[in-house]
Amino acid sequence: MTSILELTLPLELENLEVVYHHVATAIQGVSLKVQPSSIVTLLGTNGAGKTTTLRAISGFLGADNAQIVGGRVLFNGRPVTGRRPHELVRRGLVLVPERDKVFETLTVQENLRALVPGWLAWRAGDRPRVRLDQVFEYFPLLADRRRQLAGYLSGGERQMLALATALLCRPAVLLVDELSLGLAPAVIERLMILVARLRDELGLAVLLVEQNAGAALAVADYGYVMEHGRIVYDGPRDRLLAHADVREFYLGVGHRAGRKSYTDVKQYRRRRRWF
Amino acid sequence: MARGGGYFKTTYAADLALVDTRLRRRALAAFVVALLVLPRVASPFILDLVAQTALAAIGALALNLLTGLAGQVSLGHAGFIAAGAFTTGVLIENGVRSPLVALPAAAVVGAVLGIVVGIPALRLKGLYLALGTLALHHVVLYACAEFQNHWGANTGVSIPPPAIGPWVLKGAVAWYYTLTLAAALVLALSVNLRRSRAGRAWMAIRDREIAAESVGIDVARYKVLAFVWSSAITAVAGGLFAYHRAFVSVEAFGFFLAVEYIAMIIIGGLGSALGAVLGAAFVTLLPHGLDALVAGLRLSGGAAYYLFPLKFGAFGLLMAVFLLFEPQGLVGIWRRVRNWFALWPLRYRPLRSAS
Amino acid sequence: MTQVLATTVVVASLYALLAAGYVLVYRATRVLNLAQGDMMTLGGYFLFLVATSVPGQPVRAIAGAAALSALSGFLIYRLLMRPMAGHPIFAAVLVTVTLGILLRAAIVLVYTDRIRHPLGLLGLANPARPLIGGAVVSTFDLFTVGAAAALFAALFLFLRFSPLGIQMRAAGEKPLLASQRGINFHLVFALSWALAGFAGALAGSLYASNVRLDPSLGVLGLKAFAVALVGGLDSLGGVIPGALIVALVEVLSVRYGDPLLADVSPFLCLLAMLLVRPWGLFGTKEELERV
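Protein chains in written order, with the numbering used here: chain A, 2 to 276; chain B, 10 to 364; chain C, 1220 to 1510.
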């Protein structure tokens, strides 16, 4: 019985491989699993391939002349590799992008109304309906500013609006790209707690792509570490938090003399040769 | 003497050379010889076609400087041509008949007009610039139309053949040599401009204006300079056009002419001098080619009526096809063919896709 | 004096109908549709086509022409403009120029370049109507003003309050984000082209009934883009003052200048606007940087 449940994960990547401009391999053999009602974080530095992974999942590679050349993306057990972005959204695979995340010339209210629940209902299936007042309950700040143009919102407020509009798309899986980017630590903490509430109260599965490992691991259930386009380490939150290399290179605690970068660490070199 | 392959250069001289490999030198020499010999073998009609192509190539090369190199879109090219043609016409109406005066005067008028357009154009970019130049085209045409009315000649003004002293430029062969030579000079000028400080500055501005500014390029100055060069050359082309047609009239310089010139540099390949020449040849010869095709088909009487819209439509269709499927233009096709031969038997093969 | 005002309002209404097409397409796709004038001509010929098959039924004829034009706007986006996604905007603008050439060639091929008057086929007359103050306009002049007012009111309500209208604005601002929110932006863009075709058909039908129909009506479209720019390319509300200004200048230069000057006056307005305030009366300044 449990094995059947395991088969229909909300989101699963199998050996995904993406190539830019026909020649440059960006990610190679990336496999990861997102369990229902959990937050999974994908950690890595700049250029590790996190954003490429997200784009591969959400169907946005075409614009950059990139291609999925191997592997597949399974959403609720069904392969969705290469589907068009808006179709994926209507099936419940919703992305909160890194930049350009709100419509600046529209008011907050219009930003939310552009995604009228009724409009998306026809493919929503049995996913729970998200109402506007529910959204305002999570993000009370937005209710106060509903008549303002979204272009006048601050960074944190924009991120909230982006999460709110994503919620109105009735996600089954929420993909979040760099939630913490350019925000103050206190704001990041509040947002992370909000994401955790969404997981607990709406049963969302969240894939949280982050550079800020500390903030992400504070709420995540499971984590993957990505370097040079490959997953080099993964494990439950506590194991990652205890891992010496993760502590040193991603959390900035602990120090081993003479090692400037993760590439100097033997274990990583060996792993790279193995793949 | 090193025999360069064109890729690895061992001396500064080789780097500076316009024609860098032996094959290219030979091809160029063969082309020049062919152009010189052509009048002996070809009919006056063919010579006239080549002369028209050369004339169009001058205008296209000038537009290519502005749009292809400096990235400043202009829909007002026909206005500059009209300005040159009407400068010549006005001078002739006032008794100045020598082309040695008229053509430089056209160049000066063009340059001044270039400054007049170029300075306000500094505030505008892309689409807005295109609209501004288009509006300017209409204003120039309006001025020309007022001139034309002023002469009392509503249909236009005829221009006598240009004469320098006793020597009169007349006949297909003389025009052929003159216009081909002029086109060759403009070609050499534009290729050299591209390699100059100004040319490099233009390309930097085209690719990213802010980056160009941050490496110390005076963006305003070079943008205006691009307008001045382009419009001066274009106005000279307009003067030559007036002499060659022996007639000046506003009707010849409509919006469609501007579109034709843009089509030349798009179909030829934006930013390339060779492309401008190829595009000029293509656009000039296309209507004649269609004429020949229809004549060959020997359609019945009514067909002649449909010829004009068909030509018009074929022109639009070809331009659309190039924009949609071959944005690099004829030069892009030429480069692919060349690379195919250069790489043969190997071929660049992209990685296998998932589907 | 009242005649000048009346004529200005009538001319402005026609320009506003045309400029609405520019602004709709521009706001959605950031492409300036230089073929809008020829789409208007196409609308006029659709009217002629429908009126020939069902003579004497003006309402059906105009509705049919509008529907056909909207459909052709949709198809134009699907066949010509959508493949241009990802190309430079200027290339897309040039495609609209070629579209104008193709439309004009097609019209001449089918209908020749004879001047037509579809009014007779509609079974309507176009009597002059005196207004208060001594001004005289034709009946279809009044229809034009009414159509422009109705279209703008409808567009305002649609874009401000309807979900689809909001989606259209959203997709116009950030197509990528729109598709991340489940909006099929290609469909929305095609819809804006269809609306532009519809507005063009209204202008074309009314002008064809009021004045005449010939393949070179598209020139009017070039004047109307001056209107769109004076008002601000991305502002639908700006079209109305823009149209009034351009029409007033044109009417005055017909009266006090000569017809040549009148023809060029919209472009003089445009140039003046570009010098003083390039983003237009009601446009946003950031728009200048986007293209």
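Each residue gets a CB set at the ideal place from its N, CA and C atoms; glycine is no exception.
Answer yes or no: do residue i and residue j have a C-beta to C-beta separation smaller than 9 Å?
i, j, result
"Thr9 (chain A)", "Gly83 (chain A)", "no"
"Ile40 (chain A)", "Ala57 (chain A)", "no"
"Gly1 (chain B)", "Gly288 (chain B)", "A query on residue 1 (chain B) cannot be resolved here, the shown segment of chain B reaching from 10 to 364 and no further."
"Gly1283 (chain C)", "Leu1266 (chain C)", "yes"
"Gly1240 (chain C)", "Ala1422 (chain C)", "yes"
"Ala272 (chain B)", "Met328 (chain B)", "yes"
"Leu107 (chain A)", "Arg1388 (chain C)", "yes"
"Val28 (chain B)", "Leu44 (chain B)", "no"
"Leu1448 (chain C)", "Gly1499 (chain C)", "yes"
"Glu15 (chain A)", "Arg73 (chain A)", "yes"
"Phe1371 (chain C)", "Leu1455 (chain C)", "yes"
"Phe265 (chain B)", "Ala154 (chain B)", "no"
"His146 (chain B)", "Gly85 (chain B)", "yes"
"Gly1319 (chain C)", "Gly325 (chain B)", "yes"
"Glu176 (chain A)", "Leu55 (chain A)", "Note that residue 176 (chain A) corresponds to Leu in the displayed sequence, not to Glu. Closer than 9 Å, so yes."
"Leu75 (chain B)", "Ala235 (chain B)", "yes"
"Glu13 (chain A)", "Leu96 (chain A)", "no"
"Met1300 (chain C)", "Trp1412 (chain C)", "yes"
"Trp184 (chain B)", "His253 (chain B)", "yes"
"Val35 (chain A)", "Thr26 (chain A)", "no"
"Pro1337 (chain C)", "Ala1427 (chain C)", "yes"
"Leu1452 (chain C)", "Arg132 (chain B)", "no"
"Phe331 (chain B)", "Ile275 (chain B)", "yes"
"Leu208 (chain A)", "Val174 (chain A)", "yes"
"Gly1440 (chain C)", "Gly1256 (chain C)", "yes"
"Val125 (chain B)", "Gly93 (chain B)", "no"
Nearest to residue i by CA position, among the options, is which residue?
i, options, result
"Leu249 (chain B)", "B:Ile226, B:Gly298, B:Ile90", "B:Ile90"
"Leu299 (chain B)", "B:Ala285, B:Tyr315, B:Gly284", "B:Tyr315"
"Leu143 (chain B)", "B:Ala111, B:Val268, B:Ala120, B:Leu283", "B:Val268"
"Val220 (chain A)", "A:His229, A:Val210, A:Glu228", "A:Val210"
"Phe104 (chain A)", "C:Gly1305, C:Leu1489, C:Leu1395, C:Gln1255", "C:Leu1395"
"Ile242 (chain B)", "B:Ala114, B:Thr30, B:Ala23", "B:Ala114"
"Leu113 (chain A)", "A:Asp239, A:Arg146, A:Arg198", "A:Arg146"
"Leu122 (chain B)", "B:Ala152, B:Ser107, B:Val105", "B:Ala152"
"Ala1247 (chain C)", "C:Ala1390, C:Val1458, C:Asp1482, C:Ile1326", "C:Ala1390"
"Ala1527 (chain C)", "C:Ala1238, C:Leu1343, C:Pro1307", "The requested residue 1527 (chain C) does not occur in the structure, where chain C is confined to residues 1220 to 1510."
"Val24 (chain A)", "A:Asp65, A:Asp101, A:Gly60, A:Gly45", "A:Asp65"
Note down, in chain order, each residue of its chain lying with its Cβ closer than 6 Å to the Cβ of residue i, except the 5 sequence neighbours on either side.
i, result
"Leu1436 (chain C)", "Thr1260"
"Ala63 (chain B)", "Leu188, Thr189, Ala192"
"Glu1505 (chain C)", "none"
"Ile1517 (chain C)", "Residue 1517 (chain C) lies beyond the stretch modelled for chain C, which goes from 1220 to 1510, so this question has no answer here."
"Val1223 (chain C)", "Val1470"
"Phe1444 (chain C)", "Tyr1241"
Apart from the five residues on each side of it in sequence, which residues of its chain come closer than 7 Å, Cβ to Cβ, to residue i?
i, result
"Arg215 (chain B)", "Leu78, Ala79, Gly80"
"Gly50 (chain A)", "Ala27, Ile28, Met227, Gly230"
"Pro1434 (chain C)", "Thr1260, Arg1323, Ile1326, Val1327, Asp1332"
Closer than 8 Å by C-beta to residue i: which residues in its own chain qualify, once you throw out the five before and the five after it? Chain order, please.
i, result
"Leu47 (chain B)", "Ile55, Leu56, Val59, Tyr185"
"Ala255 (chain B)", "Ser167, Ile168, Pro169, Pro170"
"Leu184 (chain A)", "Gly156, Gly157, Gln160, Leu192"
Is the closest heavy atom of the ligand NAP to the C-beta of residue i under 8 Å?
i, result
"Ala1443 (chain C)", "Summarising the ligand content, the structure contains no ligands, and the ligand NAP is consequently not present."
Next item on the list: For the segment 1356-1370 of chain C and the segment 1228-1235 of chain C, state whether three or more C-beta atom pairs, one from each stretch, are separated by less than 8 Å.
Entry: yes
Notebook entry, point to check: Within the chosen definition, does the segment 1409-1423 of chain C reach the segment 1286-1298 of chain C through at least 3 CB pairs nearer than 8 Å?
Noted result: yes
Item checked: Stretch pair the segment 1248-1255 of chain C + the segment 1456-1464 of chain C: three plus CB contacts closer than 8 Å -> no
Next item on the list: Give the residues from the segment 1291-1323 of chain C that approach chain B closer than 9 Å (Cβ to any Cβ), ordered along the chain.
Entry: Leu1299, Pro1302, Met1303, His1306, Pro1307, Ile1308, Phe1309, Ala1310, Ala1311, Val1312, Leu1313, Val1314, Val1316, Thr1317, Leu1318, Gly1319, Ile1320, Leu1321, Leu1322, Arg1323
Item checked: Short-range partners of chain B found in the segment 1324-1335 of chain C, where Cβ spacing is below 7 Å -> Flagged, chain order: Ala1324, Ala1325, Val1327, Leu1328.
Next item on the list: Check each residue of the segment 1425-1445 of chain C: if its Cβ is closer than 8 Å to any Cβ of chain B, include it; give the result in chain order.
Entry: Leu1441, Phe1444, Ala1445
Checklist line | Residues of the segment 93-106 of chain A whose Cβ lies closer than 7 Å to any Cβ of chain C, in chain order | finding: So the list reads Leu96, Pro98, Asp101, Lys102, Phe104, Glu105, Thr106, given in the order they occur along the chain.
Notebook entry, point to check: If we count Cβ pairs, one from each stretch, closer than 8 Å, do we get three or more for the segment 29-37 of chain A versus the segment 231-246 of chain A?
Noted result: Of all C-beta pairs linking the segment 29-37 of chain A to the segment 231-246 of chain A, three or more are shorter than 8 Å, placing the two stretches in contact.
Margin query: Using a Cβ-Cβ cutoff of 9 Å, what residues of the segment 30-58 of chain A are near chain C? List them in chain order.
Written below: none
Margin query: Output needed in chain order: residues of the segment 177-193 of chain B with a Cβ under 8 Å from some Cβ in chain C.
Written below: none
Item checked: Residues from the segment 1262-1295 of chain C in contact with chain B, defined by Cβ distance under 7 Å -> none
Margin query: Which residues of the segment 320-350 of chain B have a Cβ closer than 7 Å to any Cβ of chain C? Give them in chain order.
Written below: Phe321, Gly322, Phe324, Gly325, Leu326, Met328, Ala329, Leu332, Leu333, Pro336
Check: When Cβ atoms are compared, which residues of the segment 149-166 of chain B fall closer than 8 Å to chain C?
Finding: Leu150, Tyr151, Ala154, Glu155, Asn158
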